[in-house]
Amino acid sequence: MKKLIIVSHPNIESSVINKRWVNELEKHPDHFTIHNIYTEYPDGKIDIEKEQKLIEAHDALILQYPLYWFNCPPFLKQWLDDVFTYGWAYGSKGNMMKGRKVALAISAGIDKEDFQEDGEWKVTIEQLTLPFKTTALYTKSDYKGHFVLYDSHNAPNSDALEKSAEDYIKFAMNI
């Protein structure tokens, strides 16, 4: 079954990293369904039933986003709040996320060394993504971790961008 990639970038057309990742994913239409929520819902009004049916049609969910202020973009948070409803994603009768594989793909402008407890920001990427892991646990999903491109601001000026696209596909294929 195909994997659903929820792309959450407020301006994908001006993006370098996330746009490149989407282009790479598009080369594998038999494996991935790419769903850009900012493009799908420019007015910010999410069709909850449509989104839930889309998730149900896939066995894995990858949330792809740039790290914004050490978190996900606000529309992705709204999407999670709106779509992962009681009775659907969790609760006594909510089991639609149960066993579904969930992973993250993140572009981060900061160096990996700075994402250490003894680094400049005193926090790890594991700590920053803990709410996603906890949400997966709460919904009885199968959390598969994260793929991160660190120092993304410098990636377009090096081989890191192309390598990240290749590595991301490998990561996503193995979810």
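If you're matching positions, the sequence shown starts at 1 in the working numbering and goes up one per residue.
Just so you know, even glycine gets a beta-carbon here, dropped at the ideal spot from N, CA and C.
Nothing here was measured: the structure is a model prediction, and the numbers come from that model.
### Query
According to DSSP, what are the bridge partners of S107?
Beta-bridge partners of S107 (DSSP): P66 and L149.
### Query
Can you tell me whether DSSP reads A60 as helix, strand or coil?
Correct three-state label for A60: strand.
### Query
Can you give the beta carbon distance from G109 to H146, rounded, assuming they're within the 8 angstroms contact cut?
The pair is not a contact, with the Cβ atoms about 16 angstroms apart (cut-off 8 angstroms).
### Whole runs of the alpha helix (DSSP H) within the stretch 74 to 144, excluding any shorter than 4 residues
Whole alpha helix (DSSP H) segments, 4+ residues: 74 to 83, 125 to 128 and 130 to 138.
### Task
Could you please give the first and the last residue of the uninterrupted beta strand (DSSP E) stretch that includes V22?
Unbroken run through V22 is the alpha helix (DSSP H), I17 to L25; no beta strand (DSSP E).
### Query
With respect to the beta strand (DSSP E) encompassing I175, which residues constitute its N-terminal and C-terminal limits?
Counting along the chain, I175 falls outside any beta strand (DSSP E), and DSSP gives it neither H nor E.
### Query
With a CB to CB cut of under 7 angstroms and the five nearest residues on each side skipped, what residues in its chain are close to N18?
Short of 7 angstroms from the beta carbon of N18, and not among the five residues preceding or following it, lie these beta carbons of its own chain, in chain order: V7, H9, I12, Q64, P66 and S107.
### Query
If you pair each beta-carbon of the stretch 155 to 169 with each one of the stretch 76 to 92, do three or more pairs fall below 8 angstroms?
With the cut-off at 8 angstroms, the stretch 155 to 169 and the stretch 76 to 92 do not touch.
### Query
When we look at the beta-carbon of W21 and count the other beta-carbons within 10 Å, is it buried (16 or more) or exposed?
Label assigned to W21: buried.
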